[in-house]
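K.L.:
Residue numbers (the numbering used here), protein chains in the order written: chain G, 1 to 186; chain U, 1001 to 1092.
(1) Shorter than 8 Å from the beta carbon of residue 180 of chain G to some beta carbon of chain U?
(2) Which residues, taken in chain order from the region 76-105 of chain G, show a beta carbon closer than 8 Å to some beta carbon of chain U?
(3) Taking residue 112 of chain G as the reference, give the member of G:78, G:35 and G:56 with the closest Cα.
(4) Excluding five sequence neighbours on each side, which residues of the same chain lie with their C-beta closer than 7 Å to the C-beta of residue 87 of chain G?
(5) Roughly how many angstroms separate the alpha carbons of residue 1050 of chain U and residue 152 of chain G, rounded to a whole number?
(6) Please report whether the beta-carbon of residue 1051 of chain U lies at a distance below 8 Å from any beta-carbon of chain G.
(7) Thinking C-alpha only, which one of G:91, G:140, G:121 and G:94 is nearest residue 209 of chain G?
(8) Got a sec: is the Cβ-Cβ distance from residue 17 of chain G to anything in chain U below 8 Å?
(9) Indicate whether residue 69 of chain G and residue 168 of chain G have their beta-carbon atoms separated by less than 8 Å.
(10) Examine chain G for any beta-carbon lying closer than 8 Å to the beta-carbon of residue 1021 of chain U, and answer yes or no.
(11) Give the DSSP-derived three-state secondary structure of residue 90 of chain G in the structure shown.
(12) Sorted by chain position, which residues of the same chain lie with C-beta nearer than 6 Å to residue 238 of chain G's C-beta, five sequence neighbours on each side aside?
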C-alpha cells in the first residue's frame, strides 16, 4: 500500500523567507550588540561631542507610519478571501506608508550628511549609517516584494502563500525598526 | 614495529602541543575582545549582549520548532477527521 502523502507544513516561499529572516535577525543582533558595547565604552560620551544629534521627534512620526503600514498589511491579509477589492486597497495603503518611511529616511540622511554626520566622521556616524542603512536596504527590498504582490493581485494571479511570503518580509522590517529606533536614536 | 613508533611519535607530538597550550595562557587572552570593561554600564552591556546573542538563536529555533510541531498536529487532526457523510464506525 503506498504511504499516505503528507500535507506540506508551510508553503515553500514562507519557509524560505523565514530562514532568510532568521539569518538577518542574527545580522542585526550582531550590529546592535556591537553598537551597545561601543556606545557604553565611548570615553567622551554618546553621541561624541561636535556630532549632530539624531532627529528623535521626526523619526518617531516615521516609526508610526511604518507601524501603521504593518497594521494595514494585517488588515489586507484578513480581507484577502472575504473582500478582494478591500484587501487590495489596504495593501496599497501599506505600500504607500512603507514608501513614505523610505523616502523620509532618505531625506533625514541628506539633512544629517549636511550637518556633518558621515560614515567616517565618528563611530556614531559609522554605526548609524551601517545599522539604519542596512535596515533601509531591507525596507526597499521588502517594499519591492510588496509592490510585486500588489501587481499580481491586480492581475488576479496572487495566491495566499505569495502574500504571506511578502508579509513575513515586511513584518520583519516593521518589527525590527522600533528596536533599532530605541537602540540607535534614544 | 614501525606502526608502534608512529603511534609513539603522535602521542609525543600531542603531549608537546598540550604543554604549549597549557603553558601559554597569556597568549590566549590576546584576542580582540578580551579587555576589561570601562565601568558598570560597559560591563552590563557586555553581559546583556552576551546573553542576548546566546539566547536569540535558541529562542528563534525553539519558536520555529514549536510552530512546526503545532502545525503538524493541526494537519494530522485535519486529516484524521472523517469526510462529510463518511461513517466513523465503519469497519468493512
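By construction, the Cβ of each residue, glycine as well, lies at the ideal position given by its N, Cα and C atoms.
P.N.:
Quick look at the numbers:
(1) In the first chain, residue 180 of chain G corresponds to position 180, counting from 1. At a cut-off of 8 Å, the C-beta of residue 180 of chain G has no neighbouring C-beta in chain U.
(2) From the region 76-105 of chain G, no residue has a Cβ closer than 8 Å to chain U.
(3) Start at 1 with the first residue of the first chain, and residue 112 of chain G comes out as number 112. The shortest C-alpha separation from residue 112 of chain G is found at G:56.
(4) As a position in the first chain, residue 87 of chain G is number 87, starting the count at 1. Result list for residue 87 of chain G: 76, 79 and 80, in chain order.
(5) The sequence position of residue 1050 of chain U within the second chain is 50, counting from 1. The sequence position of residue 152 of chain G within the first chain is 152, counting from 1. So the alpha carbons of these two residues sit roughly 44 Å apart.
(6) Working through the second chain from its first residue, we reach residue 1051 of chain U at position 51. Taking Cβ atoms only, chain G never reaches closer than 8 Å to residue 1051 of chain U, which makes this a no.
(7) Because chain G is modelled from 1 through 186, residue 209 of chain G falls outside the range shown and cannot be assessed.
(8) Counting from 1 along the first chain, the entry for residue 17 of chain G is found at position 17. At a cut-off of 8 Å between C-beta atoms, residue 17 of chain G does not count as an interface residue with respect to chain U.
(9) Position 69 of the first chain, counting from 1, holds the residue named residue 69 of chain G. Position 168 of the first chain, counting from 1, holds the residue named residue 168 of chain G. For residue 69 of chain G and residue 168 of chain G, no; Cβs fall outside 8 Å.
(10) Numbered from its first residue, the second chain carries residue 1021 of chain U at position 21. It does not: the Cβ of residue 1021 of chain U has no partner Cβ on chain G nearer than 8 Å.
(11) Stepping through the first chain from its first residue, residue 90 of chain G is reached at position 90. Of the three classes helix, strand and coil, the one that applies to residue 90 of chain G here is helix, per DSSP.
(12) In this structure chain G extends from 1 to 186, so residue 238 of chain G is not present and cannot be described.
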